[in-house]
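Residue numbers (full-length UniProt numbering): 1 to 313. Ideal Cβ placement from N, Cα and C applies to all residues, glycine included. What you are looking at is a predicted structure, and each value in this text was computed from that prediction instead of being measured.
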Amino acid sequence: MQNSLPQGFIPVMLTPFKENGEIDFEGLTKLTEFYLEAGAAGLFANCLSSEMYELSEDERIAITKHVVDVANGRVPVVATGTFGGPIAEQAEFAKKIYGTGIQAVIVITSLIATADESDAIFMERMHELLQLTPGVSYGLYECPVPYKRLVSAENLGELAATGRVIYHKDTSLDIENVKAKIAATEGQVFGVYDAYMEHAVASLKAGSAGLSCIQGNFFPELIVWLCNNFNEPTQQDKVQRVQQLLIDTMPVIHYAYPTVAKYYLQKRGFPISLYTRRKVEVLTEVEKANADELLEIVNALSQEIEVASLTFA
Numbered sequence: 001m002q003n004s005l006p007q008g009f010i011p012v013m014l015t016p017f018k019e020n021g022e023i024d025f026e027g028l029t030k031l032t033e034f035y036l037e038a039g040a041a042g043l044f045a046n047c048l049s050s051e052m053y054e055l056s057e058d059e060r061i062a063i064t065k066h067v068v069d070v071a072n073g074r075v076p077v078v079a080t081g082t083f084g085g086p087i088a089e090q091a092e093f094a095k096k097i098y099g100t101g102i103q104a105v106i107v108i109t110s111l112i113a114t115a116d117e118s119d120a121i122f123m124e125r126m127h128e129l130l131q132l133t134p135g136v137s138y139g140l141y142e143c144p145v146p147y148k149r150l151v152s153a154e155n156l157g158e159l160a161a162t163g164r165v166i167y168h169k170d171t172s173l174d175i176e177n178v179k180a181k182i183a184a185t186e187g188q189v190f191g192v193y194d195a196y197m198e199h200a201v202a203s204l205k206a207g208s209a210g211l212s213c214i215q216g217n218f219f220p221e222l223i224v225w226l227c228n229n230f231n232e233p234t235q236q237d238k239v240q241r242v243q244q245l246l247i248d249t250m251p252v253i254h255y256a257y258p259t260v261a262k263y264y265l266q267k268r269g270f271p272i273s274l275y276t277r278r279k280v281e282v283l284t285e286v287e288k289a290n291a292d293e294l295l296e297i298v299n300a301l302s303q304e305i306e307v308a309s310l311t312f313a
């Protein structure tokens, strides 16, 4: 398996549940295939969108292994593997989830050091984690839960230079910060994947490896198209229209997420329950109507710019 991750769209995967709250593994198979058919370059399993904090340790391993098996080498898979506690304990779980066949174990930056601990402590623990897990490749995710811990460009460059840290999901919301991280890791086997879609095009043009955003759980086809066409001279009008859509639809996308994403997929005809373990806002009739309107807007734009949307039997 390749050492680096590919360029393009890497979805933060949802977890389908049955109405009784159990994981719907048949639904997870269909969802994995959906992302792949849409053109995903990789898959991020066991992430915040997957409701990772509401999964047991065994469930985290099970869904990750399932996604790896379904992907079957077609694209690389990454998955979160650090959930707090002493670094030695985090290292043990990292080795366990790496054993499922993923490309990289994703580190939640805010679970390596607390909000009142310094960057020096964060880096000390990151190096300890690397030492305790020889042969394991890693990525970093500036997850907003339990708090958002941003990694400086300088520290990211140091970690990338080890050859063991190959992925970074950026949530800084700052294009200049993204550019600095890209510059700091230049020449390394490494990719910055941006989560913030208000500057998606700017990030791609600055050299980010791709996008890893929750919008991909609504209309992955458009995100894939953007990753493939952002720099095409003849497509710039269409590129800007997609970028504007991403800006305009932020409120609908984020409210009652991930329930709203499951509702949107239902409206597209995808077989998924609205059951969500994570405690989020209630998906009201008003919010459903907003999601319905978004679907109409996305369908119209997709037709206009000739992006084919997947259909489901």
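In the DSSP assignment, the beta strand (DSSP E) including residue i goes from what residue to what residue?
i	result
PHE44	43-45
GLY139	138-141
HIS168	165-170
TYR196	Segment: none, TYR196 is in no beta strand (DSSP E) and carries neither H nor E.
DSSP on residue i, reduced to helix/strand/coil?
i	result
VAL12	strand
LEU150	coil
ASP119	helix
ILE106	strand
GLY216	helix
Are the CB atoms of residue j and residue i within a distance shorter than 8 Å?
i	j	result
GLU51	THR259	no
PRO233	ALA40	no
ALA79	ILE97	yes
LEU211	ASP194	yes
VAL136	LYS95	yes
VAL105	TYR138	yes
ALA256	GLU287	yes
ALA161	GLN131	no
LEU55	ALA261	no
TYR53	VAL151	no
LEU245	LEU301	yes
ALA184	ALA209	no
ILE102	VAL77	yes
Quick check: the Cα distance between residue i and residue j, rounded to an integer number of angstroms?
i	j	result
ILE272	ALA120	44 Å
LYS267	PHE93	37 Å
VAL182	ASN72	Reading the sequence as shown, one finds Ile at residue 182 and not Val. Going from the Cα of ILE182 to the Cα of ASN72 covers about 30 Å.
HIS66	ARG278	21 Å
SER118	MET197	29 Å
VAL201	VAL242	9 Å
TYR263	GLU124	43 Å
ASP237	ILE297	17 Å
PHE9	GLY85	31 Å
CYS213	ASN290	20 Å
LEU111	TRP225	34 Å
PHE44	VAL12	5 Å
PRO6	ILE166	11 Å
LEU265	GLU33	14 Å
How is the alpha helix (DSSP H) around residue i delimited, first residue to last?
i	result
THR29	25-38
ALA183	175-184
PHE93	87-98
May I ask you to check if the CB of residue i is nearer than 7 Å to at least one heavy atom of the ligand ADP?
i	result
VAL242	This structure simply doesn't include the ligand ADP, nor any ligand for that matter.
Do we get a CB-CB distance below 8 Å when we pair residue i with the residues of chain C?
i	result
ARG149	Among the protein chains of the structure shown there is no chain C, as only one such chain exists.
Which runs of the alpha helix (DSSP H) spanning at least 4 residues fall entirely within the stretch 221-302, listed in chain order? With a minimum length of 4 residues, the continuous alpha helix (DSSP H) runs that stay inside the stretch 221-302 are 236-248, 250-254, 259-268.
Ignoring anything shorter than 3 residues, give me the beta strand (DSSP E) runs that lie fully in the stretch 41-80, in order along the chain. 43-45, 77-80
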